[in-house]
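Notes follow once the structure below has been shown.
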Amino acid sequence: MNILVTGSKGFVGQRLAEELRGKGHRVKEFDAKLGNSILDKEQCTQACKGIDAVYHLAAVLDENDKKLFAVNVKGTENILEAAAKARCRQFIFLSTAGVNAGCKGIVDENSAFKPVTKYEKSKAAAE
């Protein structure tokens, strides 16, 4: 399978790319450290060509970074649209349990979001 991993140079992304390669998949990496920009629609479009599945891990974690919402929300939209245009069969989005940070009790996919931090709010908006 041809798999695109955004955020491939991050803590989780590096390990995921390695694991996927170990299982025999062809992995294409997409990361700001490689000169890629999730905010560049054309780069996203090119990255998704010939891809069967996208693991979208790219994100800004620093709540003081002015690009937090742009990368986490608009970047997710860009790569999702590019994947749809390329007819990728799967899109896996790494969010955070923090989107439900303010919830009490058991939560599931039908639970309302209750993010607290800027990062959690950006991930909830992306979802």
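Take the sequence shown: its letter number 93 is residue 343 in my numbering, and every next letter is one higher. Every residue gets a Cβ at the ideal spot worked out from N, C-alpha and C, and that includes glycine.
ask   = In three-state DSSP terms, what is residue 280?
value = Here residue 280 sits in strand by DSSP.
task = Check the DSSP bridge columns for residue 305 and list the partner residues they point to.
result = 255 and 342
task = Pick helix, strand or coil for residue 372, following the three-state DSSP scheme.
result = helix
Member of 296, 295 and 304 whose CA lies at the smallest distance from the CA of residue 276 = 304
key: Member of 343, 333 and 350 whose CA lies at the smallest distance from the CA of residue 367   = 350
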